[in-house]
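Read left to right, the sequence shown gives residues 1 to 192 (the UniProt record's numbering).
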Amino acid sequence: KAKGTNKLTDGEDLASITDEGYQDVSIHGSHDGDSISFEEDDIDVTTGYVLIDLSDTTNYPHSGTERVGVDWIVVTGLADTSAVGYFDIGFITRIDGVNSDWYSIFHDHFDKKEERFEIMLNLVPQSVECNPTKHLSGGGMKFVNDATFNTGGTVKGTYSDTTPPAVGDLVLKVTRSAGQTDLAVAVGYHTH
Numbered sequence: 001k002a003k004g005t006n007k008l009t010d011g012e013d014l015a016s017i018t019d020e021g022y023q024d025v026s027i028h029g030s031h032d033g034d035s036i037s038f039e040e041d042d043i044d045v046t047t048g049y050v051l052i053d054l055s056d057t058t059n060y061p062h063s064g065t066e067r068v069g070v071d072w073i074v075v076t077g078l079a080d081t082s083a084v085g086y087f088d089i090g091f092i093t094r095i096d097g098v099n100s101d102w103y104s105i106f107h108d109h110f111d112k113k114e115e116r117f118e119i120m121l122n123l124v125p126q127s128v129e130c131n132p133t134k135h136l137s138g139g140g141m142k143f144v145n146d147a148t149f150n151t152g153g154t155v156k157g158t159y160s161d162t163t164p165p166a167v168g169d170l171v172l173k174v175t176r177s178a179g180q181t182d183l184a185v186a187v188g189y190h191t192h
């Protein structure tokens, strides 16, 4: 069992260790971390949603408008016995009046089981930086010319039923081919 205090070179405490060998550790993604939660019941068609409207600092609890950093994601759902589909959470890199390009940073499926499912993804102490100008051109799951998100219409958002999507927004797409599902999403994030 270790005991004592770990020190950084300038003498600042890194972490104290008790006589029993335990450390008191606080994990956090950033000082200004925010979170949102979104719930939609009876999803029975392929649908897109804006989870975080990057430019909206009035209705969303953040101040930065350059990019979103995702610290954690929790998804819970209940699919009916005929439900078949999947969902993606990602960010928009290009958008016009007809369609958009966007990267999925999180993907999972639901398939014919009438039971609750829960998925948790903790990215702390790192995060996924959703930077629309510095994404990997060949990496990740990229949606190209996807009409789900475009500036010609609006989609349901976390804090609004009529949110126009834009570059940098964190979005959710539920793609279903049969049945229906309920879905709740919570995201811990920070902005730059």
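Beta carbons: idealized from backbone N, C-alpha and C, even for Gly. Just so it is clear, the structure is predicted and the values come from calculations on it, not from any experiment.
8 Å contact criterion, which residue i and residue j should meet: CB distance rounded
{"i": "Leu172", "j": "Val68", "result": "With 8 Å as the limit, Leu172 and Val68 do not qualify as a contact, their Cβ atoms being about 13 Å apart."}
{"i": "Ile92", "j": "Gly168", "result": "7 Å"}
{"i": "Thr148", "j": "Ile43", "result": "Contact flag wrong, Cβ pair sits at about 13 Å."}
{"i": "Asp101", "j": "Tyr86", "result": "About 19 Å; that fails the 8 Å criterion."}
Residue i - partner residues in DSSP beta bridges
{"i": "Val174", "result": "Thr47 and Phe87"}
{"i": "Glu40", "result": "Leu183"}
{"i": "Ile119", "result": "Val75"}
{"i": "Gly97", "result": "Per DSSP, none; premise fails for Gly97."}
{"i": "Asp111", "result": "Val84"}
{"i": "Asp146", "result": "Ser100"}
{"i": "Tyr189", "result": "Asp34 and Val70"}
{"i": "Lys134", "result": "For Lys134, which the question treats as bridged, DSSP gives no partner whatsoever."}
{"i": "Thr163", "result": "Val155"}
{"i": "Glu92", "result": "For the record, residue 92 in the displayed sequence is Ile; it is not Glu. Note: Ile92 sits in a beta bridge opposite Trp102."}
{"i": "Val128", "result": "Val70"}
Burial state of residue i (16 or more Cβ within 10 Å)
{"i": "Ser26", "result": "Only weak support is given to the placement of Ser26: the predicted model assigns it a pLDDT of 36, under 50, and the question is left unresolved by the model."}
{"i": "His190", "result": "buried"}
{"i": "Gly77", "result": "buried"}
{"i": "Asp161", "result": "exposed"}
{"i": "Gly48", "result": "buried"}
{"i": "Asn145", "result": "exposed"}
{"i": "His28", "result": "Residue confidence is low: His28 scores 40 on pLDDT, short of 50, so the model does not pin down where it sits. No coordinate-derived value is stated."}
{"i": "Ala178", "result": "exposed"}
{"i": "Gly157", "result": "buried"}
{"i": "Asn59", "result": "exposed"}
Contact check, residue i vs residue j, beta carbons under 8 Å
{"i": "Pro165", "j": "Val174", "result": "no"}
{"i": "Ile105", "j": "Val128", "result": "yes"}
{"i": "Val187", "j": "Leu123", "result": "no"}
{"i": "Gly152", "j": "Val185", "result": "no"}
{"i": "Tyr103", "j": "Lys142", "result": "yes"}
{"i": "Leu121", "j": "Ile73", "result": "yes"}
{"i": "Val84", "j": "Leu183", "result": "no"}
{"i": "Gly64", "j": "His192", "result": "yes"}
heavy atom of the ligand NAP below 7 Å from residue i C-beta
{"i": "His192", "result": "The ligand NAP is absent from the structure shown, which contains no ligand whatsoever."}
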